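Q: Quick one: the structure is below, questions incoming.
Residue numbers (our numbering): -10 to 348.
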């Protein structure tokens, strides 16, 4: 069988794009790991905040919000977002407030929301409730169901080993199986440049950046379920409730080669040291750690659309940690391009997302 679209990568970028393209033709999605959404998609902070990210990313967030709110019953639940700063961080804090459209609040109000905040170190706080937890597993499964309902196929444990191209047709081999498709979609996350090189397509210079996370018991035995996400000024660290526990991240962006990432203990310690003065409860025990790779293009915008040197090779890459937030609008844009339809996104945003900007 010759497929219309062969998608490489089973993270949120691949499954969302696959769902949209399955409305246009036959789809086969190949995921290298034994489970979908294993790498970056499985290690997301799982927050939806419209104004979080690059200005171009924000436009995708806005265009994705309705889908997240309502499709298949919606995948969002209330969380809220708080930024805090020390006395020396006033300028950085003010920039965060302006960028994220936060409301400055007094320390008493802030401690009413997160009672472990240290009144002797927190000099300023800002909050809004327009931030939601995003059910990442449900969103992935919703898209997979849509692919299959439209006759598409999803195969895990299918690592692509070879890609060759004849006029009008791609041949993709996993070493044990071979497939043919009119169009290849590169949604391989941190490995997207590697996939491009296999296909003889010019890589973009994507940069995987590691971000680590530590899980610990709820501070002081508090019920943290209703606490907002908490971020230090300039995103120097962040903390978030998670299933009754408390997550703390150094929010680092350390360059890394594509791999199954793990947390760096020293980086975690440095991040926890930045977080610790802002709270009254000392970090005494960490129950688990992990890390993910957030992969950015050179200009930190997503890359969506046909490669300039091979127009039947489609980039869906450079999500940079915003893959879940942007997935509905990003996938629709790719489908619009493939169908020759005008996008609902402004033309200048479409141009900022196109691979053509790197030619």
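The C-beta atom is built at its ideal place from N, Cα and C for all residues, glycine as well. The model shown is predicted, which means the values in this text are computed figures rather than measured ones.
Which word fits residue 229, buried or exposed, when buried means at least 16 other C-beta atoms lie within 10 angstroms of its C-beta?
A: Here residue 229 refers to the residue found at position 240 when the chain shown is read from its first residue. Buried.
Q: Could you check which residue in 164, 97 and 303 has the C-alpha nearest to that of residue 188?
A: Here residue 188 corresponds to residue number 199 of the chain shown, with the count starting at 1. The option with the nearest alpha carbon to residue 188 is 303.
Q: May I have the straight-line CA-CA distance separating residue 100 from residue 244, to the nearest angstrom?
A: Along the chain shown, one-based indexing puts residue 100 at 111. Along the chain shown, one-based indexing puts residue 244 at 255. Taking the straight line joining both Cα atoms gives about 36 Å.
Q: Find out if the Cβ-Cβ distance for the pair residue 310, residue 178 is shorter than 7 Å.
A: Sequence index remark: in the chain shown, residue 310 carries index 321 (1-based). Sequence index remark: in the chain shown, residue 178 carries index 189 (1-based). Contact: no.
Q: Would you say residue 307 and residue 291 are within 7 Å of each other, going by their C-beta atoms?
A: Start at 1 with the first residue of the chain shown, and residue 307 comes out as number 318. Start at 1 with the first residue of the chain shown, and residue 291 comes out as number 302. Yes, the Cβ-Cβ distance between residue 307 and residue 291 is below 7 Å.
Q: Is the number of C-beta pairs between the segment 104 to 112 and the segment 244 to 263 that are closer than 8 Å three or more?
A: Short answer: they don't touch.
Q: Would you kindly work out how many angstroms separate the C-alpha atoms of residue 162 and residue 71, rounded to a whole number?
A: Position 173 of the chain shown, counted from the start, is the residue given in the question as residue 162. Position 82 of the chain shown, counted from the start, is the residue given in the question as residue 71. Going by the C-alpha atoms only, they are around 48 Å apart.
Q: In or out: residue 23 buried (at least 16 other Cβ within 10 Å) or exposed?
A: Locating residue 23 in the chain shown gives position 34, where the first residue counts as 1. Burial call: exposed.
Q: Could you compute how far the alpha carbon of residue 254 sits from the alpha carbon of residue 242?
A: Taking the chain shown and counting its residues from 1, one reaches residue 254 at position 265. Taking the chain shown and counting its residues from 1, one reaches residue 242 at position 253. Their backbone Cα atoms lie some 15 Å apart in a straight line.
Q: Is residue 158 buried or exposed, if buried means 16 or more other CB atoms sit within 10 Å of its CB?
A: Working through the chain shown from its first residue, we reach residue 158 at position 169. By the 10 Å Cβ count, residue 158 comes out exposed.
Q: Would you identify the three-state DSSP class for residue 66, choosing helix, strand or coil?
A: Here residue 66 is taken as the residue at index 77 of the chain shown, counted from 1. Strand.
Q: Can the beta-carbon of residue 201 be found closer than 7 Å to that of residue 257?
A: Stepping through the chain shown from its first residue, residue 201 is reached at position 212. Stepping through the chain shown from its first residue, residue 257 is reached at position 268. Yes; because the gap between Cβ atoms is below 7 Å, this pair is in contact.
Q: Could you say if the segment 113 to 126 and the segment 143 to 153 meet the contact criterion of at least three C-beta pairs nearer than 8 Å?
A: The segment 113 to 126 vs the segment 143 to 153: no contact.
Q: Considering Cα atoms alone, identify which of 231, 224 and 335 is closest to residue 73.
A: For the purposes of this step, residue 73 is taken as residue 84 along the chain shown, with counting starting at 1. Here the closest residue by C-alpha is 224.
Q: Looking at residue 131: is its Cβ nearer than 7 Å to the Cβ of residue 66?
A: In the chain shown, counting from the first residue as 1, residue 131 sits at position 142. In the chain shown, counting from the first residue as 1, residue 66 sits at position 77. No, the pair does not count as a contact, with Cβ atoms beyond the cut-off.
Q: Taking residue 300 as the reference, give the member of 195, 336, 266 and 191 with the closest Cα.
A: Translated into positions along the chain shown, residue 300 becomes position 311. With distances taken between Cα atoms, residue 300 lies closest to 191.
Q: For residue 346, does the three-state DSSP call read helix, strand or coil?
A: Working through the chain shown from its first residue, we reach residue 346 at position 357. Residue 346 falls in the helix class under three-state DSSP.
Q: Buried or exposed: residue 182, going by 16 or more other Cβ atoms within 10 Å of its Cβ?
A: Locating residue 182 in the chain shown gives position 193, where the first residue counts as 1. Buried, by the Cβ-count rule.
Q: With a threshold of 16 other CB atoms inside 10 Å of the CB of residue 317, please say whether the residue is buried or exposed.
A: Taking the chain shown and counting its residues from 1, the one referred to as residue 317 is at position 328. It is buried - the Cβ of residue 317 has at least 16 other Cβ atoms within 10 Å.
Q: What are the boundary residues of the alpha helix (DSSP H) that residue 5 is part of?
A: Residue 5 sits at position 16 when you count from the first residue of the chain shown. Start and end: 1 to 10.
Q: Rounded C-beta distance between residue 141 and residue 312? I'm assuming under 8 Å.
A: The residue given as residue 141 occupies position 152 in the chain shown. The residue given as residue 312 occupies position 323 in the chain shown. Contact doesn't hold; Cβ gap of about 20 Å is too wide.
Q: Do you know offhand how far residue 203's Cα is from residue 270's?
A: Numbered from its first residue, the chain shown carries residue 203 at position 214. Numbered from its first residue, the chain shown carries residue 270 at position 281. Rounded to whole angstroms, residue 203 to residue 270 spans 16 Å at the Cα level.
Q: With DSSP as the reference, identify every bridge partner of residue 144, one or two as the case may be.
A: Counted from its first residue, the chain shown places residue 144 at position 155. Looking at the DSSP assignment, residue 144 forms a beta bridge with 19.
Q: Suppose only complete runs of 4+ residues qualify. What are the alpha helix (DSSP H) ranges in the segment 69 to 138, listed by chain order?
A: Taking only runs of at least 4 residues, the alpha helix (DSSP H) segments lying wholly in the segment 69 to 138 are 79 to 89, 96 to 102 and 125 to 138.
Q: How many Å lie between residue 171 and residue 232 at the Cα?
A: To locate residue 171, count along the chain shown from 1; it is residue 182. To locate residue 232, count along the chain shown from 1; it is residue 243. Distance between the alpha carbons of residue 171 and residue 232 is about 44 Å.
Q: In or out: residue 85 buried (at least 16 other Cβ within 10 Å) or exposed?
A: The sequence position of residue 85 within the chain shown is 96, counting from 1. Looking at its Cβ environment, which holds 16 or more other Cβ atoms inside 10 Å, residue 85 is buried.
Q: Roughly how many whole angstroms lie between the Cα atoms of residue 322 and residue 293?
A: In the chain shown, counting from the first residue as 1, residue 322 sits at position 333. In the chain shown, counting from the first residue as 1, residue 293 sits at position 304. When rounded, the distance between both Cα atoms is 8 Å.
Q: Go to residue 54, then tell me how far its beta strand (DSSP E) extends in each direction, as first and last residue.
A: Within the chain shown, numbered from 1, the residue matching residue 54 stands at position 65. Premise fails: residue 54 lies in the alpha helix (DSSP H), 44 to 59, not in any beta strand (DSSP E).
Q: How far does the alpha helix (DSSP H) with residue 260 in it reach, from first residue to last?
A: For the purposes of this step, residue 260 is taken as residue 271 along the chain shown, with counting starting at 1. Here the alpha helix (DSSP H) through residue 260 covers 254 to 264.
Q: Can you tell me whether residue 53 is buried or exposed, with buried defined as 16 or more other CB within 10 angstroms of its CB?
A: To locate residue 53, count along the chain shown from 1; it is residue 64. Residue 53 should be labelled buried.
Q: Below 7 Å between beta carbons: does that hold for residue 47 and residue 57?
A: Counting from one through the chain shown, the residue named residue 47 turns up at place 58. Counting from one through the chain shown, the residue named residue 57 turns up at place 68. Not a contact, by the Cβ cut-off of 7 Å.
Q: Following the continuous beta strand (DSSP E) through residue 153, name the residue where it begins and the one where it ends.
A: In the chain shown, residue 153 corresponds to position 164, counting from 1. Segment 151 to 155, the beta strand (DSSP E) holding residue 153.
Q: Helix, strand or coil: which one does DSSP assign to residue 327?
A: The sequence position of residue 327 within the chain shown is 338, counting from 1. Helix, per DSSP.
Q: Buried or exposed, going by whether 16 or more other CB atoms sit within 10 Å of the CB of residue 205?
A: Here the question's residue 205 lines up with position 216 in the chain shown. Its Cβ being crowded by 16 or more others within 10 Å, residue 205 is buried.
Q: Looking at residue 283 and residue 219, is the spacing between their C-beta atoms short of 7 Å?
A: As a first step, residue 219 must be located in the chain shown, where it is residue number 230. As a first step, residue 283 must be located in the chain shown, where it is residue number 294. No, they are not a contact pair.
Q: What first and last residue would you give for the alpha helix (DSSP H) that runs through residue 185?
A: Your numbering for residue 185 matches position 196 in the chain shown. First-last of the alpha helix (DSSP H) with residue 185: 181 to 187.
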